[in-house]
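Mapping the sequence shown onto the UniProt record's numbering, position 197 (from 1) lands on 197, and the numbers just tick up by one.
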Amino acid sequence: MILLISDLHLQEERPDLTRAFLRFLNEKAAHATALYILGDFFEAWIGDDGMTPYQEGIARALKQLSDRGTRIYFMHGNRDFLIGKAFCRIAGCELLPDPSRVVLNGTPVVLMHGDSLCTRDIGYMRLRRWLRNPIVLWILTHLPLQTRRKLARKLRSESKEQTKMKSSAIVDVTPEEIPPLLDRLNASILIHGHTHRPAIHELTLAGGRSAKRIVLGDWERQGWALECDENGELALEAFDIEPVG
Numbered sequence: 001m002i003l004l005i006s007d008l009h010l011q012e013e014r015p016d017l018t019r020a021f022l023r024f025l026n027e028k029a030a031h032a033t034a035l036y037i038l039g040d041f042f043e044a045w046i047g048d049d050g051m052t053p054y055q056e057g058i059a060r061a062l063k064q065l066s067d068r069g070t071r072i073y074f075m076h077g078n079r080d081f082l083i084g085k086a087f088c089r090i091a092g093c094e095l096l097p098d099p100s101r102v103v104l105n106g107t108p109v110v111l112m113h114g115d116s117l118c119t120r121d122i123g124y125m126r127l128r129r130w131l132r133n134p135i136v137l138w139i140l141t142h143l144p145l146q147t148r149r150k151l152a153r154k155l156r157s158e159s160k161e162q163t164k165m166k167s168s169a170i171v172d173v174t175p176e177e178i179p180p181l182l183d184r185l186n187a188s189i190l191i192h193g194h195t196h197r198p199a200i201h202e203l204t205l206a207g208g209r210s211a212k213r214i215v216l217g218d219w220e221r222q223g224w225a226l227e228c229d230e231n232g233e234l235a236l237e238a239f240d241i242e243p244v245g
């Protein structure tokens, strides 16, 4: 069994999410051969050098899973794209590029976080290109920690306000981006997160070829995981997140 998750937005202020994730590791992921985390694992990440005790605890929980034999792969999201080698070393995980073509129990799939597919959101795409510029990344990672914390809070606040004012179509994946992506990477299944709209979309590619776009859910009121069984069959599953207290 292989598991895929995304958009947990783990943060110390949400102990219910933390407990649900640790339970997921111990009860579900412990039986998996591999776990793929497709971004926005943390609510925010200001750099490996700014790792909090809470975040380090999560990393060590992943390392325990890795030490038991489950391979762990991590892909950057738009909230944790500054995660680097130090975190991966502590967590026992391998960093994947976005997009990545992998084979899950015989089934070739394309994995992405998903934000780069939301091309109708022109303002966000402009910000994304700026933040991912190597020069900007170097500057960001060399700013004082306190400055990075303030900047992260500012960007999160502005993002939430701007998203409220945008139509649902603008902040969703642009459908026309999918067929050429799958054709270029020679796959018929795309798996991504980011949009917080869990679903399995049936598609038709050039020449009548069938394809799927599977959207992972965010961990807000429910937890979500995509399970790939030994035959390569994919199933999207939800489970309750129980309140703490």
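Beta carbons: idealized from backbone N, C-alpha and C, even for Gly.
{"Query": "Where Asp49 and Leu203 are concerned, what is the direct C-alpha to C-alpha distance, given to the nearest angstrom?", "Result": "43 Å"}
{"Query": "Alpha carbon to alpha carbon, how far is Ile191 from Ala238?", "Result": "16 Å"}
{"Query": "Which complete beta strand (DSSP E) runs does the region 36-100 hold, if anything under 3 residues is left out?", "Result": "71-75, 93-96"}
{"Query": "Locate the alpha helix (DSSP H) running through Val244, then write down its first and last residues.", "Result": "Counting along the chain, Val244 falls outside any alpha helix (DSSP H), and DSSP gives it neither H nor E."}
{"Query": "Using CA atoms only, rank isn't needed, just tell me which of Thr195, Ala187, Ser157 is closest to Ser168.", "Result": "Thr195"}
{"Query": "Which of the three DSSP states, helix, strand or coil, is assigned to Gln146?", "Result": "helix"}
{"Query": "Report the residue from Glu242, Asp7, Glu220, Gln222 whose alpha carbon sits nearest the alpha carbon of Met112.", "Result": "Asp7"}
{"Query": "Give me the residue from Ala86, Glu220, Asn186 with the minimum Cα distance to Pro198.", "Result": "Glu220"}
{"Query": "Since His192 sits in a beta bridge, which residues does DSSP pair it with?", "Result": "Val215"}
{"Query": "For Met125, tell me which candidate among Asn78, Asp40, Leu62, Glu12 has the shortest Cα-Cα distance.", "Result": "Asn78"}
{"Query": "Spatial neighbours of Arg19 within its chain, please: C-beta separation below 8 Å, excluding the five flanking residues on both sides.", "Result": "Glu242, Val244"}
{"Query": "As a quick exercise: from Ile2, Arg60, Asp218, pick the residue whose alpha carbon is nearest that of Asp40.", "Result": "Asp218"}
{"Query": "For residue 248, which beta-bridge partners are listed by DSSP?", "Result": "A question about residue 248 goes unanswered here, because the residues of the chain that appear run from 1 up to 245."}
{"Query": "Starting from Pro108, trace the beta strand (DSSP E) in both directions and tell me its first and last residue.", "Result": "107-111"}
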